[in-house]
């Protein structure tokens, strides 16, 4: 059945109808054409689809759009500054070569931002645990961890997301 | 105007491609929506082996949104998916090549094999309709196990009644037999190289569009080599004119080999797109990726190493059974032969080697190249048996390796390769320092104090990369050339667009190649863009695999750049009223040697396109050159790895505590990118050693069909890797001196990990463990040794 | 268009009534297990009953005697809760180790317990701590709640509203992870209370269960070495490609000892 829904996506309010079983990832990619959020698996294992719901990282392939009435959703497009610059986490990934093919990157960045905002003093080991919801097949994670360490120093407290 | 600028080559410049990936504006195949887009879904076999008695598509055809349903019968007139490498058996007979149908014909031969294509308005409708197709299966016994496939009472293909695709050999068997007769010691090792599922994080996808306007096709596809895809699909399968098809591989989310091949899905979509009259898109669900992406490795091997009393290697004898799966994938036949057995000399002077490879068909997914492709299997075998020999003889494993290193180059091995250059002692010495091997005893003691067992393991690998000299490959059975093509288009303003046949799907070509071109032309990095992945733009290409992009693709670009410079010199000579020979090009300027009379690169470019004062009688206007580069030899990257593991004997948990690597890739353009490649490769190698193993049950059902059962390494499974790029020995036969770096980590690391693990477990009497060394397996090995 | 219906009840009573009247509907808490099961074709509900609007099911209350978690409290909220960290640190740590961060941000204790996945973490804590499961109809003792593989004492139309954990003298949970899914291959929760020691195991059987042999020895002597020499029979334990029953049996006393150490 069609479910009416209102939510905020990347700062803009969205009012529409979705099928009851429309996943948030499908809604973002196909309805809103926000294709920066990727889908890499069907078991909620890879984290490529990670976005923020109410400021916390969530796998968008594992939540129904209908569940998110009134919620505030942020995707990779939403954290990207409009002036062509980069969010500190994005900049750190670039500086540290924390991405190769780019497919897992948006989800990885979104998870990493949640991690740093809620655990600003995480150790390298804690960062590795904190990223366990995101698979990367290219990098071996070393440079991703390095990037998160760097971003934790450059992100100030609460501005991101 | 331009001050002498620091060279870009050798600098870790940030990647040009990163902005789009970091901000979500990259374009992957599934991101593309074409006008009037429709969607495809493949009905797949739930059985490993069955005869198709009947397929009833009526229910699906009438389902909501369905545009068409096709089965093997509809496609019976078209060709099978070809294999690009002919291997001949010892008796001279060609390998068995049963038809690899685009949609199953009469029989299904592995779980996941595509039986029908449903096209519908939406992906969900296509999937729902596929469930309404009624297939009557006559289920047959399945052949699954690699070791027992040959001569199994069940038979995968009538054309290969014993399930053997070929039995191939290399080396001088009688010389090996003679050497073994003289040996003071023989070390024997049985091992399994575990089957892996590649799992690029972007699932395979395709979107095929037919245009009636000019009777042409456009295919967007997750491919590492769009030109090869086009050639194989048009010429060998669908019988379409090659020039009527454009293949675009846009941003591709990792490949690792699995996106080299021509797959059935995109072929079926192209075929159907004309009939349906609308573009059709298909994106694999991860479950489909597990079932149908070509898998990797899957060898069962017995090896024997003959040594003299001083530990000098006399001969190596290897017998390998390699699983091809149910059909021959695009390069399948070459992997356990040409890319495997030729590597069995490794870094050693072993004078005689003989290797027999039996390739078998089974009712499992096709097996083909996966990162390293044959070379990891060879390296694993060799570095395991060398370490075992050292243990048996009571010789330090490092000393035994040193005793047998190749020290003079060029060196011809007994398995067909000639190494051009290398310095194995140097990388070994470097890694021993890096790994602080001197501090190992203290670390071992500290582990023991915690109740943990520590072990150290070594691996000295070599690989043959830069695939490949076409004439040599052709003599070995390749059905294609293995050159690469590049084009350098200089625009009137002096900006440059480079077109390369080397596709980039994570490797950073857009940066590395730009560094090469910008340096060579003396212009800024921003003024060079690299284009790849589109047969409509790039003149030709053999694609990205076998660590060939820089060594072969980069060399083609260099050749084209040199043609540009050569033409620019003629234009400059004309403008400066000098002879060509007196004009030198340096730092972006054409200058009469020894004077300050000069023209900048941009001035020359403008002149070429505004040829008012121009030698039109001798020279065409414009500044655009292309080049094909065919290497004269393989390249031979090499290196040494040291791994330390800590084992919890109570639970069997293995933790990689330290991993050090020293690699010789020849000249390095962008160390940051190269280190990233090594990190990723080692991660996959540690994955193979400790976590990843494809398992089928005896009925051919895939037991590791999702990320919840197939363990891909996660961030906390891995240590920080200590990687150093050795100053290196530049490749002697390509203009960049580059050897290739993409596969090294995956090739060199598994034996280092397992050698370390076996070293840790040696005091408990454990001498055999196969990959992946999961806690359960390690615990069982310990428990067995106690009994 | 999908045929699945979606309900977002405004009260527990309404939710219960919907669940009662639509037997093939599924209650949606965090959805972290439900949605993957649907994608893999293991479940095909006719309707969702989304508890997301029921604020009264969310929240954490604690005093010196017990910690009560609303059924819709996320794992992240439990893991980050000051009250839980102070009163029942083992529970906070358990919650902070469920799945991965994204799953913890959505997944709830009520959903986890109602699902009774054989490898879920919370059931071990509920059993070992002798928690009480409050539903819209009654209160169920932990020992009576888990009935089997994905099976609990909950009846049709019965919803978990809260879970009340008595505060123990000490407690700890040690999980040994399945390498791929990272669910518990075996997880052992040990709780020391005034009434004795309770040891509960997850991952090893069809549902969480207690281990009397370990409880007996640890009640006599609450020390790591008390676990030495205890062997667990592998009969009836789970066996799959990741671990034999024997391996799981072996791990139980090993992890119990580590929980105490």
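Protein chains in written order, with the numbering used here: chain A, 222 to 382; chain B, 1234 to 2020; chain C, 152 to 412. Glycine included, C-beta positions come from ideal geometry on N, C-alpha and C.
Contacting residues, own chain, Cβ-Cβ under 8 Å from residue i (five flanking each side not counted)
| i | result |
| --- | --- |
| residue 157 of chain C | 198, 199, 201 |
| residue 155 of chain C | 196, 197, 198, 199 |
| residue 1996 of chain B | 1686 |
| residue 355 of chain A | 267, 268, 269, 271, 325, 328, 329, 332 |
| residue 1949 of chain B | none |
| residue 1741 of chain B | 1248, 1250, 1903, 1906, 1909 |
| residue 1234 of chain B | Its pLDDT being 41, under 50, residue 1234 of chain B is placed unreliably by the model, and the measurement read from it follows with that caveat. Correct list, in chain order: 1833. |
Chain-order list of residues whose beta-carbon lies under 6 Å from that of residue i (same chain, five-residue window excluded)
| i | result |
| --- | --- |
| residue 357 of chain C | 269, 299, 300 |
| residue 1545 of chain B | none |
| residue 1728 of chain B | 1760 |
| residue 1830 of chain B | 1809 |
| residue 379 of chain A | With a pLDDT of only 46 at residue 379 of chain A, under 50, the local geometry of the prediction cannot be trusted, and no value is derived from it. |
| residue 1940 of chain B | none |
| residue 227 of chain C | 255, 256 |
Sequence-distant residues of its chain with Cβ nearer than 7 Å to residue i (five each side left out)
| i | result |
| --- | --- |
| residue 382 of chain A | Bear in mind that the predicted position of residue 382 of chain A carries a pLDDT of just 42, short of 50, making it unreliable; the figure below should be weighed with that in mind. Taken in chain order, the residues that qualify are 273, 276, 295, 300, 334, 338. |
| residue 1935 of chain B | 1344, 1523, 1524, 1929 |
Terminal residues of the alpha helix (DSSP H) in which residue i lies
| i | result |
| --- | --- |
| residue 1410 of chain B | 1406 to 1415 |
| residue 1426 of chain B | Note, residue 1426 of chain B: premise wrong, no alpha helix (DSSP H); beta strand (DSSP E) at 1418 to 1426. |
| residue 2014 of chain B | 2008 to 2019 |
| residue 1796 of chain B | 1788 to 1809 |
| residue 263 of chain C | 260 to 266 |
| residue 274 of chain C | 273 to 279 |
| residue 329 of chain A | 326 to 339 |
| residue 347 of chain A | 345 to 351 |
| residue 1742 of chain B | 1742 to 1754 |
| residue 1256 of chain B | 1251 to 1256 |
CB of residue i within 9 Å of CB of residue j, strictly
| i | j | result |
| --- | --- | --- |
| residue 1978 of chain B | residue 361 of chain A | yes |
| residue 1980 of chain B | residue 1990 of chain B | no |
| residue 262 of chain C | residue 167 of chain C | no |
| residue 1551 of chain B | residue 1536 of chain B | yes |
| residue 282 of chain C | residue 316 of chain C | yes |
| residue 1362 of chain B | residue 1496 of chain B | no |
| residue 1664 of chain B | residue 1895 of chain B | yes |
| residue 2042 of chain B | residue 323 of chain A | Any answer about residue 2042 of chain B is impossible in this case: the structure gives chain B only from 1234 up to 2020. |
| residue 1959 of chain B | residue 1660 of chain B | yes |
| residue 1749 of chain B | residue 1785 of chain B | no |
| residue 1485 of chain B | residue 1463 of chain B | no |
| residue 313 of chain C | residue 221 of chain C | yes |
N- and C-terminal bounds of the beta strand (DSSP E) containing residue i
| i | result |
| --- | --- |
| residue 1557 of chain B | 1546 to 1558 |
Reference residue i; option with closest CA among the options
| i | options | result |
| --- | --- | --- |
| residue 362 of chain C | C/369, C/327, C/350 | C/350 |
| residue 399 of chain C | C/408, C/389, C/291 | C/389 |
| residue 1737 of chain B | B/1538, B/1483, B/1594, B/1567 | B/1483 |
| residue 324 of chain C | C/288, C/229, C/410, C/367 | C/410 |
| residue 1490 of chain B | B/1599, B/1720, B/1713 | B/1599 |
| residue 1423 of chain B | B/1614, B/1457, B/1716, B/1858 | B/1614 |
| residue 2033 of chain B | B/1298, B/1366, B/1314, B/1296 | The displayed coordinates of chain B run from 1234 to 2020. Any statement about residue 2033 of chain B would go beyond what the structure contains. |
| residue 1356 of chain B | B/1263, B/1305, B/1640 | B/1263 |
Inset, instruction - Scan the region 266 to 299 of chain A for residues whose Cβ lies nearer than 8 Å to a Cβ of chain B and list them as they occur along the chain. - result: Taking 8 Å as the upper bound on Cβ-Cβ separation, chain B lies near residues 266, 267, 269, 296, 297, 298 of the region 266 to 299 of chain A.
Legend entry - Contact residues within the region 313 to 328 of chain A, judged by C-beta distance below 7 Å to chain B: The residues in question are 314, 315, 316, 318, 320, 321, 322, 323, 324, 325, 326, 327.
Legend entry - Selection of the region 286 to 316 of chain C by Cβ proximity to chain A, strictly under 8 Å: Within the region 286 to 316 of chain C, no residue qualifies.
Inset, instruction - Check distances from the C-beta atoms of the region 1946 to 1966 of chain B to those of chain A and list, in chain order, the residues that come in under 7 Å. - result: Residues of the region 1946 to 1966 of chain B whose Cβ lies closer than 7 Å to any Cβ of chain A, in chain order: 1947, 1948, 1949, 1951, 1953, 1954.
Legend entry - chain A contacts made by the region 252 to 264 of chain C, where a contact means CB separation under 8 Å: For the region 252 to 264 of chain C, which is checked against every Cβ of chain A, the residues closer than 8 Å are 252, 253, 254, 256, 257.
Legend entry - Interface residues of the region 1873 to 1894 of chain B facing chain C [CB-CB below 7 Å]: In summary, the residues of the region 1873 to 1894 of chain B whose CB is separated from some CB of chain C by less than 7 Å are 1883, 1884, in the order they occur in the chain.
Legend entry - Near-chain B residues of the region 370 to 393 of chain C (beta-carbon distance less than 7 Å), N- to C-terminal order: Identification of residues in the region 370 to 393 of chain C having a C-beta nearer than 7 Å to some C-beta of chain B yields 392, 393, given in sequence order.
Legend entry - Near-chain A residues of the region 327 to 347 of chain C (beta-carbon distance less than 9 Å), N- to C-terminal order: Flagged, chain order: 331, 332, 333.
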